[in-house]
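Chains as they are written, first to last, in this note's numbering: chain A, 29 to 855; chain B, 76 to 343; chain C, 8 to 167.
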Amino acid sequence: MTETAAPTSAIVVEEQETRPGFIGTNIPRKEDRRLVQGEGVFFDDVKRHGMGFVHFVRAPYAHAKIVSVDVSRALELKDVYGTLTGDEVAILTDPFFEMSVPPGSEIKDYALAVGKTRFVGEPVVAVVAATRELARDAAELVEVEYEPLEPLVDARAALEPEAPILHEDAGSNLVWEGVFDWGDWEGCVAEADRIVRIKELHFDRFSSTPLECSGCLVEFNRGTGQWTMYCNHQMPGIGAIWMAPALRVGTDKLRFVTQDIGGAFGNKICLHPYFVACCLLARKLNRPVQWTEWRTDQHTANAHGNERWFEDTEVAVKADGTLLGFKTSAIDDCGAFPRYEPLGCIIWAQVTPGCYRWQNIHVDFTQVATNKSPVSPNRGYSRMQHLWFTERVIDIVAHELGLDPVEVRKRNYVKEDEFPWTTPNGCIYDSGDYARCLDIALELIGYDGIEERREDAENRGKLLGVGIGSTLDSGTNNFGQSMLLNPDLQFSGNNEVATVKLDIFGEVVVTLGTVPQGQGHETTAAQVVADALGITPDEVTVRPGHDTYWNSHAGFSGTYASQFAVTGLGAVKGAVDQLAGEIRTIAAAVLGGVPEEAVVLEGGFAKLRANPEAAIPFMGIGAIVNANNAVLPEEVRDVTLNCRYVYVPPFEVPDTERKYGNLTLTYATQIHVCVLEVDPETGAYEIVDYAAVDDCGNRIHPQIVEGQVHGATAQALGAATHETFTYDEQGNLLTPNFYDYHVPHALDMPPIKTGYIESPSPFTSLGAKGMGEGGGAGIHAVCAALQDALRPVGNPIVHESCNPPHRVWELISNPEESRGRVAVESR
Amino acid sequence: MLLASVEYACPGSVDEALSLLAANPNGRALAGGQTLVNVLKARIAAAELLVDLNGIPGFREIRETDGALELGPMVTYTQLARSEEVLRSRPILAEVAAQIADVQVRNRGTLGGNLCSSDPTNHLPPVLVAVGATMTIAGASGTRTVPAEEFFLGVYLTAVGPGELLTGISVPRRQAGDGFASVTIGADGTCIANAAASVNGGVRVALGCVSAKPVLLEVPSADEESVRSAVAGAQLDPPSDIHAPAAYRRQLAGVLAARALRQASGAA
Amino acid sequence: MSAPVAQKTISVEVNGTTYERDVEARRLLVHFLRDDLDLTGTHVGCDTGNCGACSVIVDGTLLKSCMMLAIQADGASIETVEGLGTDGELSSLQQAFSEHHALQCGYCTPGMLMSAKALLDENPEPTEGEIRRAIQGNICRCTGYVNIVEAISAAAEAST
């Protein structure tokens, strides 16, 4: 294991797993059998006697003072069990802790709106009744008087002197601001042949919108003061850190239980306000309460991805296309409450130079609050926005300087023999071969023949474009990066837990600290355990889901940030190696006091290497240790066959002065190429060819890896073509459901060609890298392809991340508008 | 997602349905439910009584007569898309019905429901206007027939008044070609703009999504220039929304009208 | 004359078992299946009839059970995901979904399987385009549909 190794000095390279084993093969997923039969257990499938259903009364105004709340008519309705108001919440709980420095840290965030509403859909009152329908009926009887205030919708105006202030306690809409200055920006300007200026680029709001919305069933145990939440929270460790102080209890009073989760993608991290309201209701009403979020609720008031503006960008370039550095001002819109923010103000720095060798980077970063739904981590969290920016910059620079975007990329990519590569801000890219990935992707779409296809499209009245998205999927966070935002935060490193035990009848049982949502953790954990114990994955039971009372839970437990293959499986590997050792210890003692090394594990038996006839089945070992231990010699009686391992990645606390240090452990790569055809009369376009090439080191289960690539691509293509959370000037969300927020269906998706290479990570026990988020490669590739396609019609600049047909038509019909955003200065 | 309290009745005849609606001013006819049930889930509109039309005999019938295709109001999109009679007598209806929403919605959603909801983004209203369909409406005082261009009155508003029912749709059998073109939100999604054209005796082009109801243009001849200038002359004032600013819809109206007409002329 | 009712005892056959229950007229079929009959395999993923997670087959017709009232199903025969396998054996479609990794979180899967079943019942040898059209009303946020299309195609091939 690597837990003692510092990444910069002594990199410990684990001996490669011997293959063939189950690792690296496509075994059937253990999860599938129940899921294809409708026998999964999602939170909304859990029922309890006498449970009440929660319905939230939600704010109709983006910004308003709450003048009065009257629940009396709701309470008069038969079979209404009770209500909860903001006033009660303010008395019974403390505000959730904030991670920012002043003024952002002064923001008061509660389970329900207290005094004011700050976004449409914000929960104001909760009502509980005997049926779902009745709870909604009662909610309609709650009378809330509002005094509307001026809403703030545009993040760029948030710091203007006349802007309405959301949080009077903070006195400003500023959540966080800071300057990141690495290398020598002024120096590289002096060295540059060209400075390319880009006035404004905008990354739209969207989210992964998991098909299962959020929710929980909460039971309160009056005798112990403990709450059990059957739920779909994807990061219980952080959830408990938020909830426990707010509820004024210790974290052990909060038990999170999940089994199957219908997708999460980061969007199920910030559920604590809803869960706290449900906890208070379960205690107040002395009955289990159940809350199911509906789609419209999820869209209006749960988890949006970060919206970001990049203003006044300058790029320093040599005439041959060598990129020297860039400077930009980023304005990030986190919505009405920061919650997981301002972490997004640093997470992007995991991939500061993108895939490139840029050395001089200057970013002024500002995050502000607006009267929109709060944001939450969203697949590709914060890096996606930044990678979109860097990829946009590459293509704009290439086109403006008349260079080939493929050549500019290859000239500036970190080269295969340069790994591990240290970025200007101290991140260590572990391994990879970006140029090779790009070549494979180009070959998959037949790049050699692209000019003929362009001509063919032109003959059909279409404009063909080809675009590249180069991304890094940085995984396994060093939470020490939070200290670059707020040096007083006491977070650093990372951890994850697994237990593996051998039970009395020889059952091998694994519990995970992770919270799977479709990533196949039961399957891949079983592969690792099977290989280590010499059995088959079918003989390994991996408990589905997560339970904070399993003792396989640590502060950072959860499933997020592309890390399971490293942290989750690292913990499993550590635990099963311990168990294998213990099995050998017992076998060695029982088989005649031979040394442990003389024992091998094979086919469910511990055998003597020299004499395989001398063997004891795992069942025998399990039975002896668990129920017949007096037969054992004294010196092995401390063996429990119940092994717990905490995986701790080899991180250091970053340098807060220089904002420097390694922020993640692994860097998977996805390079995508998109070919599309635009109808110049309508702006509608069709993706006619698409390739995605992935490199996540050693692949534990190739089919699962490929599935993640497909899914990340689909989400990115949705975000590139249609998905935006658009607000009107009053702060009303105009895309609150799947009618207006169009996610890709089967006819929208082009066939996806996939390729891969494996550049094993030198920093992880299995040579694997976390993957799954994908960095939004599809968004970048579509934008680049549009930019390429539209060159013959005025060469407009694609400056939005989301480009539905009407935006494309606007680019075509008025190219001068976007052309005005770009200028090239020769020096 | 959760409906307000409502009563339900499933009448076995048109007369019974009419008297139920007459007795309950806040009653609503429930056809396929693919729009109405969603409206009720959102509690945007209230209904005290749902009069389910699924039990009325003959409402799902498709018949060919000498000159016309007679369609019951509860004919589903799936029926329209597959019916031999439709494919023979007015295939554009089948072609367009197959583009609406998805299999599940097509299985349940009905022609009458599509027309009576009079959502400006619906596919079928401009088609029925272009092909010169007529609608039969029944009420307490008997039945009347309304041409399609007079049927649609505005957003969610048709000639079917309170206490009335749409009981039949009559479409002339085709003599020449029809066409339809659209730009949608995603493949086969909701229309951002659409246009239907017919060259069956005169050139009729109907534009959807650009006004509260389909805009019928009588075009002097079936060439692109004529139709473009007819669209330009229509002084369209389309709505703006997140899917399309007005100027974009205006642009699409011209493009799609020309494309629909091209299809109609080509098939003639 | 069918008198208006706010509540009714309905009789429904689901996967071969007949159930009689009192329902309010306003109860959606999907909530009847999930909450009243405890058949929780059928899921809810939206509130506007777009996602298809609640797809079931009623009297041979594939539909979304969030856009039908339970009271309208009185006397109907309904097939849900729980009825796809026989005696604990997976159907060839279920098997193909697993083999081709056509599910990740599994939330859309029950509805997707019902749409696929409806397709293959009617068209045993669909083209890729026909498969995509058949599942257009079912949203999946995990797979990009690639492996779902493959699995349905494989199931079709296996049974012809």
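Ideal Cβ placement from N, Cα and C applies to all residues, glycine included.
Check your understanding: Hey, quick one: how far does the alpha helix (DSSP H) through residue 311 of chain A stretch, first residue to last?
Key -> Run containing residue 311 of chain A: 300-313, per the alpha helix (DSSP H) assignment.
Review point. Alpha carbon to alpha carbon, how far is residue 19 of chain C from residue 81 of chain C?
Key: 6 Å
Review point. Is residue 386 of chain A helix, strand or coil when you go by DSSP?
Key: coil
Exercise for review: Could you tell me how far apart the beta carbons of residue 258 of chain B and residue 833 of chain A are, in whole angstroms, since I believe they sit closer than 8 Å?
Suggested key: 6 Å
Check your understanding: How would you call residue 77 of chain A, buried or exposed, if buried means at least 16 neighbouring beta carbons within 10 angstroms?
Key -> Counting Cβ neighbours within 10 Å, residue 77 of chain A comes out exposed, since fewer than 16 surround it.
Point to revise | residue 512 of chain A at chain C interface by Cβ criterion, 8 Å | key: no
**Study point:** Beta carbon proximity, residue 564 of chain A to chain C, threshold 8 Å
**Key:** Judged by the 8 Å Cβ criterion, residue 564 of chain A is not in contact with chain C.
Practice item. Anything in chain C within Cβ reach of residue 322 of chain A, meaning under 7 Å, just list it in chain order. Key: 54
Exercise for review: Compare the C-beta of residue 492 of chain A against all C-beta atoms of chain B and say whether one is closer than 8 Å.
Suggested key: Chain B, which has no Cβ nearer than 8 Å to the Cβ of residue 492 of chain A, makes this no.
Practice item. Can you have a look at residue 229 of chain B and say buried or exposed, based on whether 16 or more other CB atoms are within 10 angstroms of its CB? Key: exposed
Review point. What residues match up with residue 29 of chain C in a beta bridge as DSSP calls it?
Key: C:16
Check your understanding: residue 849 of chain A to residue 386 of chain A, Cα distance in whole Å?
Key -> 23 Å
Review point. Leaving out five residues before and five after residue 195 of chain A in sequence, what residues of the same chain have Cβ atoms less than 6 Å from its Cβ?
Key: 135
Review point. Residues in its own chain within less than 7 Å of residue 233 of chain A by CB, not counting five upstream and five downstream?
Key: 332, 333, 335, 752, 753
Check your understanding: Three or more C-beta pairs closer than 8 Å, one from the region 530-542 of chain A and one from the region 639-656 of chain A: is that the case here?
Key -> yes
Practice item. Pull up the distance between the alpha-carbon of residue 393 of chain A and that of residue 455 of chain A, whole angstroms please. Key: Cα to Cα, the separation comes out at about 19 Å.
Practice item. Measure the beta-carbon distance from residue 675 of chain A to residue 598 of chain A and round it to whole angstroms, keeping in mind my assumption that it falls under 8 Å. Key: With a Cβ gap of about 4 Å, residue 675 of chain A and residue 598 of chain A count as contacting.
Practice item. State yes or no: is the beta carbon of residue 838 of chain A nearer than 8 Å to at least one beta carbon in chain C? Key: no
Check your understanding: Where does the unbroken beta strand (DSSP E) through residue 722 of chain A begin, and where does it stop?
Key -> 713-723
Review point. On the premise that residue 108 of chain C lies in contact with residue 731 of chain A, defined as a C-beta separation below 8 Å, what is that separation, rounded to the nearest angstrom?
Key: 5 Å
Review point. How would you write the range of the alpha helix (DSSP H) that residue 559 of chain A sits in, first residue to last?
Key: 549-561
Check your understanding: For the region 176-190 of chain B against the region 836-854 of chain A, are there 3 or more C-beta pairs whose distance is under 8 Å?
Key -> no
Review point. So is residue 383 of chain B in contact with chain A if we call contact Cβ pairs under 8 Å?
Key: Residue 383 of chain B lies beyond the stretch modelled for chain B, which goes from 76 to 343, so this question has no answer here.
**Study point:** Neighbouring residues, chain B, relative to residue 80 of chain C (Cβ below 8 Å)
**Key:** Per Cβ cutoff of 8 Å: no residues; residue 80 of chain C is ~11 Å from chain B at best.
**Study point:** Through-space distance from residue 66 of chain A to residue 303 of chain A, alpha-carbon basis
**Key:** 26 Å
Practice item. Report yes or no: do three or more beta-carbon pairs, one from the region 784-798 of chain A and one from the region 756-767 of chain A, lie closer than 8 Å? Key: no
Review point. Any idea which residues DSSP pairs residue 81 of chain A with across the strands?
Key: A:157, A:318
Point to revise | Assigned exposure category for residue 668 of chain A - 16 Cβ within 10 Å defines buried | key: Looking at its Cβ environment, which holds fewer than 16 other Cβ atoms inside 10 Å, residue 668 of chain A is exposed.
Practice item. Would you check if the distance between the CB atom of residue 388 of chain A and the CB atom of residue 212 of chain A is smaller than 8 Å? Key: yes
Point to revise | residue 287 of chain A and residue 573 of chain A closer than 8 Å at C-beta | key: yes
Review point. According to DSSP, which residues form a beta bridge with residue 6 of chain A?
Key: Nothing about residue 6 of chain A can be reported from this structure: the residues present for chain A run from 29 to 855 only.
Check your understanding: residue 487 of chain A: buried (16+ other C-beta within 10 angstroms of its C-beta) or exposed?
Key -> exposed
Review point. Contact check, residue 143 of chain A vs residue 94 of chain A under 8 Å by CB: the rounded distance?
Key: Residue 143 of chain A to residue 94 of chain A, Cβ: 6 Å. Contact.
Check your understanding: From the DSSP output, which residues share a beta bridge with residue 850 of chain A?
Key -> A:226
Review point. For the alpha helix (DSSP H) that residue 124 of chain A lies in, which residues bound it at each end?
Key: It is not in any alpha helix (DSSP H) - residue 124 of chain A carries neither H nor E in the DSSP assignment.
Check your understanding: Just how far apart, CA to CA, sit residue 246 of chain B and residue 147 of chain B?
Key -> Cα-Cα distance, rounded: 11 Å.
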